[in-house]
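Residue numbers (numbering that gives the first Met the number 0): 0 to 417. By construction, the Cβ of each residue, glycine as well, lies at the ideal position given by its N, Cα and C atoms. The block underneath contains the structure these notes are about, expressed in structure tokens.
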Amino acid sequence: MQAYQSAPCPYCGITWNQPGAQTCANCRNQLPPPPASYAPPGYAPGQQGQPYGQPGYPQQGYPQQPQYPGAPAGYPGQPGQPGEYPSYAPPGYGQPGYPQQPGYGQGYPGYAPAQAPVAAPGTTLRVFGQTLTLPVALPPQLLRYQRQIVAGAVALVVLLVLLLGVLPAIATSQISAANQTLTTTASHQAKVDAVFAQIISSPTSSTDPAALKTQIAKLATSFNDGLTLVQSDEAALNQVDQRLSLIKWGVPSKSPQITSERQRLAAALAGLQQADKAMTAAVNESKVIQPYLDALIDYAKMSAALAKHDLVGAGAPYPDAQQKIELAMSLSAAPGLAPQIAKQVGSFNDVLANTESLIQAIQAKDPAGIKKYTDATNVALKAMSSPQETLPADYESKTFGPMQKAYDAAMKAIKTAR
């Protein structure tokens with residue numbers, strides 16, 4: 000048993016500090032001050048542990064307990080008797096009859112404040128659960144960032160694999176795809192040239208609007224098919240060109256081949272754009288001509304009925320004719336159309352309106368109105384035949400012929416470079 004048990008140290012928990020000690024004999028930390036003592040009235044401070052009188056004195060007013068006679072003579076442990084048990088002092092303090100241990104005198108020797116151990120350079124890294132031994136020692140500061148280092152190393156390896164292995168293979172594949180697309184585009188030349196021939200030399204010698212309507216309907220279908228084919232080739236070439244442009248910067252070793260291939264694609268696209276322009280104009284023209292011919296057919300019925308003095312029959316086709324010519328007028332400003340087309344359609348609209356007014360004047364027996372609208376109709380018909388509103392006979396060959404030559408040259412370049 001300890002001779003004295005103090006309050007536990009709040010830091011290390013020992014209970015054998017000397018009374019009144021300000022620092023712990025074990026950990027050398029500052030001990031909290033002792034709790035404030037309370038002395039009852041009439042007692043000096045420090046005597047509250049003996050509130051009922053001094054030791055050895057009987058307390059007044061209380062029956063006294065019999066005194067313990069002590070241990071028999073010769074009983075071990077009695078002071079001054081042989082075989083007495085040595086008393087124990089708190090660790091770190093000298094004990095009677097025992098030499099003082101080195102380093103002890105005032106409790107345990109002091110300890111310097113703990114310092115973080117200096118980590119030795121490391122030579123291992125953990126990668127995917129495996130320990131790798133490095134040929135050089137890494138500073139401990141880097142080892143704390145093993146995960147980031149491994150992630151960066153893996154990213155670098157992936158990048159190198161892409162640059163040295165995957166991307167060159169992809170580039171080769173895309174170059175091959177571009178070649179195949181060019182070959183497919185060139186194989187469509189015969190079909191596109193056939194459509195060009197229809198655009199340049201379309202048979203329009205017939206004076207029968209109904210016959211012309213049938214011819215134009217067939218040509219319109221052919222023009223649409225040709226334009227669809229050309230635009231499909233353009234889209235395919237643009238796609239492979241875009242892929243090559245994206246991959247070029249990641250594969251420096253393939254850059255010359257990619258550049259050369261993109262130049263071939265650009266030349267082919269330039270030729271296709273000329274074909275696209277010509278066929279777009281042909282499609283737009285057919286869209287105007289079809290309702291124009293419908294209105295012309297209705298006008299022929301109006302004129303025939305008027306010649307027979309059938310005023311009711313002459314006025315009946317006008318609402319349909321007016322609807323058709325308005326549609327033609329709305330389409331006459333489409334891209335690729337000559338300005339003469341819009342002017343002629345506008346003049347024909349005047350012919351229809353003046354003819355309807357003439358019929359009404361005849362019904363009303365209005366001589367002045369009859370003369371007015373007859374003259375206006377003749378002026379509009381004359382305008383439709385003027386050079387300002389008619390296309391020259393060689394308009395198609397001069398306009399679309401150079402476009403076909405540009406297209407054919409581009410297709411020939413594709414075939415020559417195979």
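Point to revise | W15 classed as buried or exposed, judged by whether at least 16 other C-beta atoms fall within 10 angstroms | key: Counting Cβ neighbours within 10 Å, W15 comes out buried, since at least 16 surround it.
Exercise for review: Mind reading off the beta-carbon distance from I469 to A177? Whole number of angstroms is fine, and I expect it under 8 Å.
Suggested key: Any answer about residue 469 is impossible in this case: the structure gives the chain only from 0 up to 417.
Point to revise | Distance, S200 Cα to L162 Cα | key: With a pLDDT of only 47 at L162, under the threshold of 50, the placement of this residue in the model should not be trusted; the figure read from the coordinates follows. So the alpha carbons of these two residues sit roughly 55 Å apart.
**Study point:** For T22: DSSP bridge partner residues
**Key:** Under DSSP, the beta-bridge partners assigned to T22 are Q29.
Review point. Near N377, what residues of its chain come up, given a Cβ to Cβ distance below 7 Å and the 5 sequence neighbours on each side ignored?
Key: Here N377 has no same chain residue with a Cβ atom under 7 Å from its own Cβ, once five neighbours each way along the sequence are excluded.
Review point. How would you call Q262, buried or exposed, if buried means at least 16 neighbouring beta carbons within 10 angstroms?
Key: Q262 comes out exposed.
Practice item. Measure the CB-CB distance between G270 and A405 and report whether it falls below 7 Å. Key: Their beta carbons are under 7 Å apart, which means G270 touches A405 by this criterion.
Point to revise | Buried or exposed by the 16-neighbour rule on C-beta atoms within 10 Å, applied to A280 | key: By the neighbour-count criterion, in which a residue is buried when 16 or more other Cβ atoms sit within 10 angstroms of its Cβ, A280 is buried.
Exercise for review: Check whether the Cβ atoms of L357 and A320 sit closer than 7 Å, and answer yes or no.
Suggested key: Cβ atoms of L357 and A320: not closer than 7 Å.
Exercise for review: Determine the burial state of P391: buried for a count of at least 16 other Cβ atoms within 10 Å of its Cβ, exposed for fewer.
Suggested key: It is exposed - the Cβ of P391 has fewer than 16 other Cβ atoms within 10 Å.
**Study point:** Inter-residue spacing [alpha-carbon to alpha-carbon] between G91 and C11
**Key:** Since pLDDT at G91 reaches only 48, below the 50 mark, its modelled position is unreliable, and no value is offered.
Review point. Can you list, in chain order, the residues of its chain whose CB lies under 6 Å from that of S5, leaving out five sequence neighbours each side?
Key: The residues are T14, N16.
**Study point:** At least three beta-carbon pairs within less than 8 Å, the region 278-294 to the region 332-341
**Key:** Contact between the region 278-294 and the region 332-341 is present, because at least three Cβ pairs lie under 8 Å.
Check your understanding: Ends of the alpha helix (DSSP H) at A281?
Key -> In the DSSP assignment, A281 falls within the alpha helix (DSSP H) that extends over 254-306.
Check your understanding: Going by beta carbon distance, what residues of the same chain come within less than 6 Å of I288, once the five residues before and after it are set aside?
Key -> Within the same chain, I288 has close Cβ partners I215.
Practice item. Under 8 Å by Cβ, that's how I've got Q343 and M402 pegged, so tell me the actual separation to the nearest angstrom. Key: No, Q343 and M402 are not in contact; Cβ-Cβ is about 23 Å, not under 8 Å.
Practice item. Could you tell me the distance, in whole angstroms, from the CA atom of P290 to the CA atom of L218? Key: Distance between the alpha carbons of P290 and L218 is about 15 Å.
Practice item. Kindly indicate the opening and closing residues of the alpha helix (DSSP H) around Q17. Key: Unbroken run through Q17: none, as it is neither H nor E.
**Study point:** Straight-line Cα distance separating T389 from L236
**Key:** Cα to Cα, the separation comes out at about 38 Å.
Review point. Does DSSP put D319 in a helix, in a strand, or in coil?
Key: Residue state, collapsed to three classes: helix.
Review point. Cβ atoms of I324 and A360: under 7 Å apart, would you say?
Key: No. Outside cutoff.
Practice item. Please name the residue, chosen from L228, H187, L30, that lies closest to D275 on a Cα-to-Cα basis. Key: For the residues L228, H187, L30, the minimum Cα distance to D275 belongs to L228.
Exercise for review: Please classify G225: does DSSP put it in a helix, a strand, or coil?
Suggested key: Under the three-state reduction of DSSP, G225 is assigned to helix.
Review point. Taking the alpha carbon of Q272 as the point to measure from, which residue in L226, A168, A210, L330 has its own alpha carbon closest?
Key: The option with the nearest alpha carbon to Q272 is L226.
Check your understanding: Should T180 go down as buried or exposed, given a rule of 16 or more other Cβ atoms within 10 Å for buried?
Key -> Of the residues assessed, T180 falls on the buried side of the cut-off, its CB having 16 or more other CB atoms within 10 angstroms.
Practice item. Using beta-carbon positions only, say whether T184 and D240 come within less than 7 Å of one another. Key: With contacts defined as CB atoms closer than 7 Å, T184 and D240 fail to qualify as a contacting pair.
Review point. Skipping 5 residues on each side, what residues in its chain have a beta carbon closer than 7 Å to that of Y61?
Key: Note on Y61: pLDDT 44, under 50, position unreliable in the model; the coordinate value appears next. Within the same chain, Y61 has no close Cβ partners at all.
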